[in-house]
Each structure stands twice: as structure tokens, then as C-alpha cells.
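Enquirer: One structure is given below, represented as C-alpha cells, and several questions about it will come after.
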Amino acid sequence: MALDRKIAYINLSTGKIETKPIPMEIRKKFLGGRGLDAYLLYNHAPQGCDPLGPDNPLMISGGILTATCASATARTHIMAKSPLTGLLGSANMGGFFAPEMAWAGFHHLVITGKAKSPVYIWIHNGRIEIRDAAYLWGKSTTETQWAIREELGDEDIKSAVIGQAGEKLVRYANVMTGIKNAAGRTGMGAVMGSKNLKAVAVRGTMDIKIAHPIDALEYNKRFIEGITSAKVSGTQGSLGTPFIWGATNSWGGLRTRNFQYNQMEYADDIEPERLDEIATETIGPHHMTGCFGCQVHCRAQYKIPSGPYAGKYDEGPEYTSLGAFGSEPDCRKAETVLTGNHLVNQYGVDNLEIGSMIAWAMELYELGIITSKETDGLDLRFGNDEALLEMVHRICLRKGWLGDVLADGGIPASEKIGKNSFEYLVQVKGMSNLHSDERGTPGLALNIATASRGSDHLRSRPAIDLYHLPEKIMRKIYSNPVPYDGPLSSEHTDYEGKPWQVFWHQNCFMAVDCLGICKYHTVFLGATLPNFEDWPKVIYYNTGLEFTPVELWEISERCNNLERLFNLREGLTRNDLKKGDMLNHRYFDEPTKRGAPDVVGLTIDRQKFKKMVDEFYNHCGWDKQGVPTSATMDRLGLNLEPSHLL
Amino acid sequence: MEKVLTVDYQKCTGCRLCELVCTVMHDGISNPARSRIKIVKWEEEGQYVPMICQQCEDAPCKNVCPVGAISRDVDYGFLTIDHTLCIGCRSCVSVCPFGAMNYNQIDKKVFKCDLCGGQPQCVRFCDMKAVDFVAADNMTTIKKRNAATRLYASQKHATAIQEQI
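From first to last, the protein sequence lines are chains A and B. Numbering-wise, the first sequence is residues 30 to 675 according to the working numbering. Numbering-wise, the second sequence is residues 42 to 206 according to the working numbering.
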């Protein structure tokens, strides 16, 4: 059964490999996936360790539901100390890797040390081997995957790999599987690169016994019907995440020209409908694809229609590639977006971070803070498509002064560039934000300020806040599984009640990441989608483990507090602009210039923001400095951490 | 009424939910190695083709079986294996031209699609209808209409051009 999947400890310095069962006591406290990874990180990472040093443990995992008869259990979670932020490193990807790893016998890997020369890890039906990867070094993400299949003679092998960006220790290099599934954020690819680890390849044919198979099957059918009948799923399934980008742009929540504007103009050629046309022309009417066991199939397929990469197959682009190669650099050609998306997938780099870095450099260039001397003659102004794509190559291969400097991430780069460059860097905890603009949405601003891995939308974003839901529905969602009778506002420009919503979503998303399912199958984007009440049944039918919704909520709180403890241990302080729960001054000082009437001219109010953070801390059970109180530690059983049970 | 499984591979998104529900339905287990249906992929081109048992009329698996363990179900027309007779020689696996007769190395048994006894779960769970279960006497109707629509549309287009001339 799913609960008999093991944990493996692999030391690349010594070659020692050890496997262990995962004790039930640990499962009940941390479930699996991101939650259990947080436990492992807190227990195995030495305080203050170098993120690119051999001591930094790299965790790769599936959730407790991975590969069971539940809906969309495709997610792989990766965790380590982040080389980008120096705090929590955590990233999550879809595809087919984690289910295959579960069929190969494992739910969790802890990889430490550093190999003397490039290696990859080969996991097959309970056996683990460290193999030579010299011939893979320098290859792109897809070339690496196909080469491993060729070498081992099995086309069903799934691999989590790094591209050239990970090898070059670009501090926001990602880990990838398939064509475009990416564990994108916080530089987990650089951690692999620092260990000389090119790939983890898995293949398994081991049974996972389902506790109550017919119930699981029938419940899954109902679950799926609930998901596919939601309007948002249908739109996701035909246009993918570009539809969110388009909608966000229409009302003025899209970061444009590195935060100078909150809306992109003249975007006709990269609107979701136009991208859908290109996919239809180059692939055919059925051009959507999905991850393991998912009916939302939100990923488009396409071939680049023109330019130097014409005819190349790829998947996406997602919201973030439209931000990175569209709105942020203010480039308006579909060819640029589709080519940029292809390049980041091949190099293995976070499209979100690289797009933000280049847009920041473009603003600095236009302000004269960097000049053509630093860019080696490149005319790095906004709207220069060629310069944008050239910078992608330079950063991923660390070519030229600026390419090398930007590859180290925003804060180190601002120190090298100097002057007042830091003021223009839109980041939290050293990580760039999704290409969205939260000045009109205080709830979303609180989310990015307090997210555990830095400025990010997938840790606690109350995205349904934008739907202006009736209060009755808001109450139903946010008063479960624990009661809440405080203020709630369905107006997204309000500050009232938002801290509770962010706190609620923080717990919701942690539960989802522990289960190993996709957030599109949850209340993230649709008010009617599954929630805490549904998951205990799915867990019970598939694993036999019994939880109440409140118990799941508590597990989420426990895991979120562990992530918080890790961040505090590594230097997080509340108002630190580089390592705290604080927004860039532009949120407070520069009013929005475009968008719908209710978001034009808005900034985040400093006093109200401070009050929101206070309230949020209070909901979390943290003191005014954001440190869990002893009562919270007691309640969640965290007093003995690190407890070194696993 | 006899029904058959059909595949329209262009609709397949490659999610492999069919493989999962097949093994949960038959074995109470999640393991694609036990699945009767398999999605064959060309990932670098984004092409996915569901491979299923065709329930052949002149079935090589049935013909080759030295102990007569394979027979046809009278109600639904699928080929079925009698494991009390099967000697595990895997001759059927060798001769099947579609790779649809499988061998399970855990149980040491051959296995194949039995249409879930009349309600194929792969079809039930495929919202794209890349696999479908249709009446055998009706299986080409949709294809005929699609082809006819193309002809009809091109005829209309040609007539419109002639009128313009």
C-alpha cells in the first residue's frame, strides 16, 4: 500500500545508500510530500549551512496520495535550503515522476554530499544505484531524459533532471521532468548542480495496494465530475494558465515593465486566444495535455511558428512565461514568448525569476544605472525582443558580466551593480514575485509578503478573493474546518478579513502539498472545488488512514510552523527587506497607473499593511516578531524538534 | 448487443488515468504494469496513442494456445483466459500483433482486457472520449459523418468560388 513506500538516504560523497520504512507516527504528524520534507529539512540541514555545499540535504518526494486512485496525484515536491534566498527552498512540479518513484518503492529521498564527478541516481523497483553522468553533462533537460532512456533501454523511465543552468549554478535553476514540468522556484536545480547530480531516474512496477479499491474508484469518479463541472476547470482545460494572465491583465493586476505599470497594452498577439490559435495551427484541434491522472489537462502543446527556432515542439506557455517574455519586458510578439518559453525549458531555469531579473535590468538600463558597458553593448531597453532572448542565453550560461551577475539572483546582483539598483528590485526574501501586481489587492499583497519561500502565489494566495463571492459562500469556505466569525470582505481592495483568508489558504495549500495533488483540484481557483471536507475520505479509501478535517488542518499548521522555524533559524526577521515579511517600497509609494477604475491610483497602505501582518501572525499563533509562541509549539507538538526520528 | 472499444488517439491527453483505473478495478491495486490499456507516447512530439486489445475475430492468442485456455465470452464478445487451464507458456504474448496480451511478473500470469465485464472503466473515466465503447454495428457512423462533413464543406467552398467566377 501507499504507506509502505520507503525513504532513502543517499550520500553522494561516500556512496552510502540506506533505505528505511516511514514510521506511522511520522505519517500521522506530517503526512508526506512538502510537510514531511519540511520535517526532514529541519532535522537534516545544519544551521547556517552553505546552500551550495555538500551539507545541504536535497529532498525529493511524492505525497501520501501519490499514485493512488485519487485525482491528479502527479506532484513531485523538492526541498532544500535555497541558494537564492538563504531560507526555505521548496518547489513543486507535475508530470509523471513522483508516481513512477512510488511504483519504484519510494516516497521520499534525502540526498546529501557531493559526487566527485557528474552522476545520476537510478532507482528501479527498490534498488538504488549511483551511475556515471559524464556523458550527460552539458545536455539540455530533454536531451538528458531521452539519453537516460536510451542508455538503460526502457522508454518508461521518468527522470527529474537539471539543464545547463543547474550545472552552471544559476541560483534559480530549476529541476525538470518531461517537456516542461518544472520544480521552478528557489533554485533547487542549482542545489543538484552543486552536488554534481545531473538527474534522478526512476522506474517501477511494484504494486500499491488500495485500501478500499471500489470505494476509491467510485469516489474518484464523483470527485472528478465535481472538478470538471466547475467552469474554471473547463477554461483551464482549453486555454491553460494564459487565461489567468489575460484576465489579470484586463483588470490591471499584471506587473508590467518591472512594476512601472500594472497592465500591458497592445498585447493582442500574446492573448490566450491567439496562443490557442497557434497551438491549433501547429498541433491540431486537440492540443491540450495533462499530468498523471488529471482531467483538467491545462498544458498546451505548440510548435514555434517562426524565427530561428521555428518548428521546435514545446509545451506551455504558462502565465509565468507570458509574464517573463511578454508583459515584464513589454515584448508583444507570440514568437518571442514561445521561443523564450522553449529556451527556459531547455536550459532548466525558473522562467519567473529570469523574466524578473531581465525586466529589472531593463529598467536599470533605461535609468542609466547600468550602461552598455555592463551589457557588453546589448541595447537592453524594454520592448527589445532580441536583447531579451540574448539575456536568457547569457544568464543560463553565465556569459558576459551582466549575465554572470544576474545569474546570482537579485540581492547579490544589486550589491554588485550598486547605486540605488536595490530600490527597483521587486522581491520578498530575495525571490521575485509572480508577474502580478498586488497594489490593488491587499490580501494578495499580504500573501506574497509572508509566503514561506519568498514572494510567491502558491503558498497562501486567496485567489478566489477576486471573484467577489457572496458573503454566505465566503463564510462557508472560510469557517471550515475550524470556526471563524471575524470580518470577511468580498471586496478585493479591502484590508478587512484578509489575514484570515491568507492564513486559511496557507493551511489549505500545505495540506494539498502534503497529499501530493494539484492545486487546480482544490479551492484555489474555484469556490466549489474540493476542500478539507473531501480529503479525509480520499485518504481513507486509498490508504485506510483515518483523519478528520480538523486533524488535517492541524497537520498543515504543524508543517507551516516547521517551515517558519527553519526560516527563523536561518535569519528571517519581520521587517528585513532582504529576509523578512516585508514588501518593496514601491508597493507603498508608487500608485498604480492603469487598470479597472477600482484599482487605478492605489498603493498598499503602510499602517494597514502592518496591521494585517499583526493579525496574520496572531492567527498563526506567532508573536509580534513572527515567532511561534510556546503555546503554539505546545499545541502542535513541536517542542522537541528537531526530534531526529527520520 | 455487441459493443467494441474504439480509440481516437488524437483526443488522448496522455494522462494515463485509464491505466490507473484499469488496475484498481481488476486488482484493487495501483500499478500500470498490470494495466490492460497502455498509452504509448512520443513525448518529444506530444503524441499519445492508447493501445488496447482488439478482441480479434481470428484471434492469434486463441489460435496459438496449446491447452485451449482462451475462449470468447458469449455475452460481450471479448476473449477471456481460463486460468485453471492456462499453463503460463506465454505463447499468446508472443503472437499478439498489438502487444495487448500482457504478462504479469508478480503473479506470473498472462492477462488481457475483459471489457470490465461490460462496463470498461477506461471509457468511463476518459472525459476526452479518446477511448470509447460503441455498438459494433455502429462504430463507423461518426467517422463517416466526419469525412462526409469535410467533403460537403469543400463542395460548398468550390461552388462558392465557381459562383464568384
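Cβ atoms here follow ideal geometry from the backbone N, Cα and C, with glycine treated the same way.
State yes or no: is the C-beta of A/Thr141 within less than 8 Å of the C-beta of A/Asn72?
Expert: Numbered from 1 along the first sequence, position 112 holds the residue referred to as residue 141 of chain A. Numbered from 1 along the first sequence, position 43 holds the residue referred to as residue 72 of chain A. Not closer than 8 Å, so no.
Enquirer: On the three-state DSSP scale, how would you describe A/Glu158?
Expert: What you label residue 158 of chain A is simply residue 129 of the first sequence in a count that begins at 1. In the structure shown, A/Glu158 sits in a strand (DSSP, three-state: E or B).
Enquirer: At what residues does the alpha helix (DSSP H) containing A/Pro499 begin and finish?
Expert: Within the first sequence, residue 499 of chain A is the residue found at index 470, counting from 1. Here A/Pro499 belongs to no alpha helix (DSSP H), and DSSP marks it neither H nor E.
Enquirer: What do you get for A/Asp485, buried or exposed, if any count of 16 or more other CB atoms within 10 angstroms of its CB means buried?
Expert: One-based indexing of the first sequence puts residue 485 of chain A at position 456. Buried, since its Cβ has 16 or more Cβ neighbours within 10 Å.
Enquirer: Under a three-way DSSP split, which group does A/Val541 fall into?
Expert: What you label residue 541 of chain A is simply residue 512 of the first sequence in a count that begins at 1. Note: A/Val541 maps to helix in three-state DSSP.
Enquirer: Closest to B/Val65 by CA distance: which of A/Gly322, A/Gly155, A/Lys49 and A/Lys227 is it?
Expert: Within the second sequence, the letter at position 24 stands for residue 65 of chain B. Checking every option, the nearest Cα to that of B/Val65 belongs to A/Gly322.
Enquirer: For the stretch 96-122 of chain A, list every residue whose C-beta sits within 8 Å of some C-beta in chain B, in sequence order.
Expert: Within the stretch 96-122 of chain A, the residues whose Cβ lies closer than 8 Å to some Cβ of chain B are Ala96, Thr97 and Cys98, listed in chain order.
Enquirer: Counting only the same chain and skipping the five closest in sequence on each side, list residues whose C-beta sits under 6 Å from that of A/Ala31.
Expert: Looking up residue 31 of chain A in the first sequence gives position 2. Counting only Cβ-Cβ distances below 6 Å, and skipping sequence neighbours, we find Thr97, Ile237 and Thr572.
Enquirer: With distances taken Cα to Cα, identify the nearest neighbour of B/Lys79 among A/Pro358, A/Glu158 and A/Asp185.
Expert: Working through the second sequence from its first residue, we reach residue 79 of chain B at position 38. Minimum Cα distance to B/Lys79 is reached at A/Asp185.
Enquirer: Between B/Gln51 and chain A, is there a C-beta pair that is closer than 8 Å?
Expert: To locate residue 51 of chain B, count along the second sequence from 1; it is residue 10. Taking Cβ atoms only, chain A reaches closer than 8 Å to B/Gln51, which makes this a yes.
Enquirer: Hey, is A/Pro559's beta-carbon within less than 8 Å of any beta-carbon in chain B?
Expert: Position 530 of the first sequence, counting from 1, holds the residue named residue 559 of chain A. Chain B contact via Cβ: absent.
Enquirer: Comparing the C-beta of B/Asp168 with each C-beta of chain A, is any distance below 8 Å?
Expert: In the second sequence, residue 168 of chain B corresponds to position 127, counting from 1. Closer than 8 Å to some Cβ of chain A, the Cβ of B/Asp168 qualifies, so yes.
Enquirer: Please confirm whether B/Gly18 has its beta-carbon closer than 8 Å to some beta-carbon of chain A.
Expert: A question about residue 18 of chain B goes unanswered here, because the residues of chain B that appear run from 42 up to 206.
Enquirer: Buried or exposed: A/Ala230, going by 16 or more other Cβ atoms within 10 Å of its Cβ?
Expert: Counting from 1 along the first sequence, the entry for residue 230 of chain A is found at position 201. Burial call: buried.
Enquirer: Could you give the DSSP three-state label for A/Glu525: helix, strand or coil?
Expert: Counting from 1 along the first sequence, the entry for residue 525 of chain A is found at position 496. Reduced to three states, the DSSP call for A/Glu525 is coil.
Enquirer: Could you give the distance in angstroms between the alpha-carbon of A/Leu246 and the alpha-carbon of A/Cys588?
Expert: In the first sequence, the residue the question calls residue 246 of chain A occupies position 217. In the first sequence, the residue the question calls residue 588 of chain A occupies position 559. Their backbone Cα atoms lie some 29 Å apart in a straight line.
Enquirer: Nearest to A/Leu60 by CA position, among A/Ser585, A/Asn596 and A/Lys45, is which residue?
Expert: Indexing the first sequence from 1 puts residue 60 of chain A at position 31. Measuring from the Cα of A/Leu60, the nearest candidate turns out to be A/Ser585.
Enquirer: Are the beta-carbon atoms belonging to B/Arg75 and B/Lys153 less than 8 Å from one another?
Expert: Working through the second sequence from its first residue, we reach residue 75 of chain B at position 34. Working through the second sequence from its first residue, we reach residue 153 of chain B at position 112. No, Cβ-Cβ distance for B/Arg75 and B/Lys153 is not below 8 Å.
Enquirer: How about B/Met92: is its C-beta nearer than 8 Å to some C-beta of chain A?
Expert: As a working mapping, residue 92 of chain B is identified with position 51 in the second sequence. By this cut-off, B/Met92 is not an interface position.
Enquirer: Determine, using beta carbons only, whether B/Arg113 comes closer than 8 Å to chain A.
Expert: The count along the second sequence starts at 1 and reaches residue 113 of chain B at position 72. Chain A, which has no Cβ nearer than 8 Å to the Cβ of B/Arg113, makes this no.
Enquirer: If you follow the alpha helix (DSSP H) that A/Gly255 is in, where does it begin and where does it stop?
Expert: As a position in the first sequence, residue 255 of chain A is number 226, starting the count at 1. Start and end: Pro242 to Thr257.
Enquirer: For B/Asn72, go through chain A and note every residue whose CB falls closer than 8 Å to its CB, in chain order.
Expert: Residue 72 of chain B sits at position 31 when you count from the first residue of the second sequence. Residues of chain A passing the Cβ test: Trp132, Thr234, Met235, Asp236 and Ile237.
Enquirer: Looking at the secondary structure, which residues open and close the alpha helix (DSSP H) in which A/Asp66 lies?
Expert: Position 37 of the first sequence, counting from 1, holds the residue named residue 66 of chain A. That run of the alpha helix (DSSP H) goes Gly62 to His73.
Enquirer: Quick check on this structure: which residue in B/Cys56, B/Met142 and B/Val90 has the alpha carbon closest to the alpha carbon of B/Ile111?
Expert: As a position in the second sequence, residue 111 of chain B is number 70, starting the count at 1. When each option's Cα is compared against that of B/Ile111, the closest is B/Met142.
Enquirer: Using a Cβ-Cβ cut-off of 6 Å (strictly less than) and excluding sequence neighbours within five positions of A/Gln324, which residues of its own chain qualify?
Expert: Translated into the one-based positions of the first sequence, residue 324 of chain A becomes position 295. Around A/Gln324: Ile253 and Thr257.
Enquirer: Would you report the Cα separation of A/Leu181 and A/Arg488, rounded to the nearest angstrom?
Expert: Your numbering for residue 181 of chain A matches position 152 in the first sequence. Your numbering for residue 488 of chain A matches position 459 in the first sequence. Rounded to whole angstroms, A/Leu181 to A/Arg488 spans 38 Å at the Cα level.
Enquirer: Got a sec: which bits of the stretch 169-199 of chain B sit with their beta carbon under 9 Å from any beta carbon on chain A, in order along the chain?
Expert: For the stretch 169-199 of chain B, which is checked against every Cβ of chain A, the residues closer than 9 Å are Met169 and Ala171.
Enquirer: State the Cα-Cα distance for the pair A/Arg615 and A/Pro334, rounded to the nearest angstrom.
Expert: If you number the first sequence from 1, residue 615 of chain A lands on position 586. If you number the first sequence from 1, residue 334 of chain A lands on position 305. Using only the alpha carbons, I get a separation of about 38 Å.
Enquirer: In whole angstroms, give me the CA-to-CA distance for A/Asn380 and A/Ile502.
Expert: Against the first sequence, residue 380 of chain A aligns to sequence position 351. Against the first sequence, residue 502 of chain A aligns to sequence position 473. The alpha-carbon atoms of A/Asn380 and A/Ile502 are separated by roughly 35 Å.
Enquirer: Residues bridged to A/Val148 by DSSP?
Expert: To locate residue 148 of chain A, count along the first sequence from 1; it is residue 119. Its beta-bridge partners are A/Asp161 and A/Leu226.
Enquirer: What residue from B/His67, B/Lys82 and B/Gly87 has the CA that sits closest to A/Tyr342's CA?
Expert: On the first sequence, position 313 is the one that residue 342 of chain A refers to. Here the closest residue by C-alpha is B/Gly87.
Enquirer: Would A/Glu395 pass as a contact of A/Arg284 if the rule is Cβ separation under 8 Å?
Expert: Here residue 395 of chain A refers to the residue found at position 366 of the first sequence. Here residue 284 of chain A refers to the residue found at position 255 of the first sequence. Contact: no.
Enquirer: Kindly list, in the order they appear in chain B, the residues whose Cβ is closer than 7 Å to that of A/Cys323.
Expert: The residue you call residue 323 of chain A lines up with position 294 of the first sequence. The contacting residues are Cys56.
Enquirer: Should A/Gly281 and A/Arg623 be called a contact, given that it needs their Cβ atoms to be closer than 8 Å?
Expert: For the purposes of this step, residue 281 of chain A is taken as the residue at position 252 of the first sequence. For the purposes of this step, residue 623 of chain A is taken as the residue at position 594 of the first sequence. Yes, the Cβ-Cβ distance between A/Gly281 and A/Arg623 is below 8 Å.
Enquirer: At a Cβ threshold of 8 Å, is A/Tyr248 touching chain B?
Expert: By 1-based counting over the first sequence, the position of residue 248 of chain A is 219. No, no contact with chain B.
Enquirer: May I ask you to list, following chain order, the residues of the stretch 129-163 of chain B that have a beta carbon less than 8 Å from some beta carbon of chain A?
Expert: Going along the stretch 129-163 of chain B in chain order, one finds Gln146, Ile147 and Gln162 with a Cβ nearer than 8 Å to chain A.
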